Amino acid sequence: MSKPAQEEPPILLGLTLGGYFLGLVLLKTLGFILAPIPIAMCVLRGQKQRIPFFIMVAGLAGVMSLALGRVTLVLPIMLTAALGIPIAHAVQRRTPYLPLVMVITATMLVIQFAEMALQWTALSDQRERLLNMIHVQLSGNALLTGELSEGREIQLNIQVWVLKHWNDVFIGLTISAALIGACCILGWIYRAMFRSGIEPNGSFAQFRPNEYVVWLAIVVTAIGYYNYHEPNAILQNFSYNTAPGLITLYSLSGLAIVFHAMRLWRPHPILMFVVLLAFFWTGGMVTLTFLGLFDTWGDFRKRMNERAQMANDSHDDFE
8 MSKPAQEEPP
18 ILLGLTLGGY
28 FLGLVLLKTL
38 GFILAPIPIA
48 MCVLRGQKQR
58 IPFFIMVAGL
68 AGVMSLALGR
78 VTLVLPIMLT
88 AALGIPIAHA
98 VQRRTPYLPL
108 VMVITATMLV
118 IQFAEMALQW
128 TALSDQRERL
138 LNMIHVQLSG
148 NALLTGELSE
158 GREIQLNIQV
168 WVLKHWNDVF
178 IGLTISAALI
188 GACCILGWIY
198 RAMFRSGIEP
208 NGSFAQFRPN
218 EYVVWLAIVV
228 TAIGYYNYHE
238 PNAILQNFSY
248 NTAPGLITLY
258 SLSGLAIVFH
268 AMRLWRPHPI
278 LMFVVLLAFF
288 WTGGMVTLTF
298 LGLFDTWGDF
308 RKRMNERAQM
318 ANDSHDDFE
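Mapped onto my numbering, the consecutive letters of the sequence shown carry residue numbers 8 to 326.
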């Protein structure tokens, strides 16, 4: 599936590496999403000789992050970047979309948890500093002078809650970030493949959790309800860590349903924009989560396909 290497001016490679370096440094944590993409594209385009340059630049970006006082390690960002090689080979072998997403997520989790374990003390100190900064912004003077809007105040209070309950939520938040990152990585790679005339095996529109996961969601909801009335440290830790991952999983499934509908019916771009704007303005995250959850029983994409097929059949009969 890979193409023969194309000769490009060295200055173009230099600019690409420079942009890659700046992206990894400026995006901070989000740089882990960017890191594997160029290397995967090198494999798919038959430009494997460029891979060492990208891995070295990823390491330099890690060094720069350390120089800027950020809590990070050089090796994790290099390992994440090198993850682009097996991802590209899996895409070439036409590995189905959902299993590939799960493998990428699991691999990124191993790297992220290893980094957290090695930097736990430094990360704790960083959280304390951040918590103090937020408390300053939420101080009485800031509120009285109107420096903080109501929305900003709510956002800061949420950050305070997360930082104070970090030990109860960090596993779930890390899983959520890794899952979203895996979808973004494959989405970028698949889009580039489509532009090159190559069709991968599957797409994000097919994202759908296993039906048995809904039982875990039901159990977590029950445990959360019980913990609310009868607080228990173990139950709280389990429910708080599991809930973010489940919310992300089902919200991604809901978003995949929306993407499937757009691909199936291809609405007018203006109508699509208006619908999406209204959708997210009215609490899109909650809507997506429930849409993905109830898809377990409704199988909405199957019903959409049946409706589209019936419409096509009736159109053919009319002609």
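Cβ atoms here follow ideal geometry from the backbone N, Cα and C, with glycine treated the same way. A quick note: this is a predicted structure, and the numbers were derived from the prediction, not measured.
Which residue wins for smallest C-alpha separation from G7, given the options R215, S183, V50 and T255?
Beyond the ends of the chain as shown, which are 8 and 326, falls residue 7; an answer cannot be given.
For L67 and N139, the rounded distance between their alpha carbons:
C-alpha separation (whole angstroms): 31 Å.
If you draw a straight line from the C-alpha of S9 to the C-alpha of H96, how long is it?
Low confidence applies to S9: its pLDDT is 49, below 50, so where it sits in the model is not reliable enough to give any reading.
Use the C-beta contact count for T36: other C-beta atoms within 10 angstroms, 16 or more gives buried, fewer gives exposed.
With fewer than 16 Cβ atoms within 10 Å of its Cβ, T36 is classed as exposed.
Where the alpha helix (DSSP H) through P83 begins and ends
V81 to A89 is the extent of the alpha helix (DSSP H) around P83.
Check each candidate in Q213, Q243, E237 and W272 and name the one with the smallest Cα separation from D302.
Q213
Residue range of the alpha helix (DSSP H) that includes D302:
G291 to G305
Straight-line CA distance for R308 to G231?
31 Å
Does DSSP classify M8 as helix, strand or coil?
The pLDDT assigned to M8 is 48, lower than 50, so where the model puts this residue is not dependable; a value taken from the coordinates is nonetheless given after this. In the three-state scheme derived from DSSP, where H, G and I count as helix and E and B as strand, M8 is classed as coil.
For V98, is the classification buried or exposed, using 16 other Cβ atoms within 10 angstroms of its Cβ as the cut-off for buried?
buried
I'd like the span of the alpha helix (DSSP H) that includes T36, first residue to last.
Run containing T36: none; DSSP gives neither H nor E here.
Would you check if the distance between the CB atom of L22 and the CB atom of G30 is smaller than 8 Å?
no
Quick one: Cα of Q119 to Cα of T181, how far?
8 Å
Straight-line CA distance for L130 to M123?
8 Å
Could you tell me whether the Cβ atoms of A65 and A88 are closer together than 8 Å?
yes
In its own chain, which residues sit with a C-beta less than 8 Å from the C-beta of V81, not counting the 5 before and 5 after it?
G66, G69, V70 and L73
By Cβ distance, which residues of its chain are closer than 8 Å to V108, with the 5 residues on each side in sequence left out?
L186, A189, C190, L193 and F214, listed in sequence order.
Going by C-alpha distance, which of L19, R198, P17 and P83 is nearest G38?
P83
Roughly how many whole angstroms lie between the Cα atoms of H172 and M48?
Answer to the nearest angstrom: the Cα atoms are 39 Å apart.
Just the C-alpha distance for L259 and A184, rounded to the nearest angstrom, thanks.
12 Å
Just the Cα atoms here: how many angstroms apart are P45 and F61?
Our two residues, P45 and F61, have alpha carbons roughly 8 Å apart in a direct line.
Could you name the residues of the same chain whose beta carbon sits closer than 7 Å to that of P43, not counting the 5 residues immediately before and after it, in chain order?
T87, A88, L90, G91, I94 and I192
Neighbour-count burial assignment, N239, 16 or more Cβ in a 10 Å radius:
exposed
Taking only runs of the alpha helix (DSSP H) that begin and end inside the stretch 152-223, which ones reach a length of at least 4 residues, in chain order?
157-171 and 173-202
Considering only residues of the same chain and omitting the five flanking positions on each side of I178, which have a CB-CB separation below 6 Å?
The residues are N248.
Which of helix, strand or coil DSSP assigns to R57:
Looking at R57 - three-state DSSP - the assignment turns out to be helix.
Where N239 sits in the DSSP three-state scheme:
coil
Using the rule of at least 16 other Cβ atoms within 10 Å of the residue's Cβ for burial, across every protein chain shown, is V281 buried or exposed?
exposed
Rounded to whole angstroms, what is the Cα-Cα separation between G26 and Q316?
Taking the straight line joining both Cα atoms gives about 45 Å.
Are L271 and A224 close, meaning C-beta to C-beta below 8 Å?
no
Where Q99 sits in the DSSP three-state scheme:
helix
Is the beta carbon of A250 less than 8 Å from the beta carbon of V227?
Between A250 and V227, the C-beta gap is smaller than 8 Å, which places the two residues in contact.
R52 by DSSP, collapsed to three states: which one?
coil
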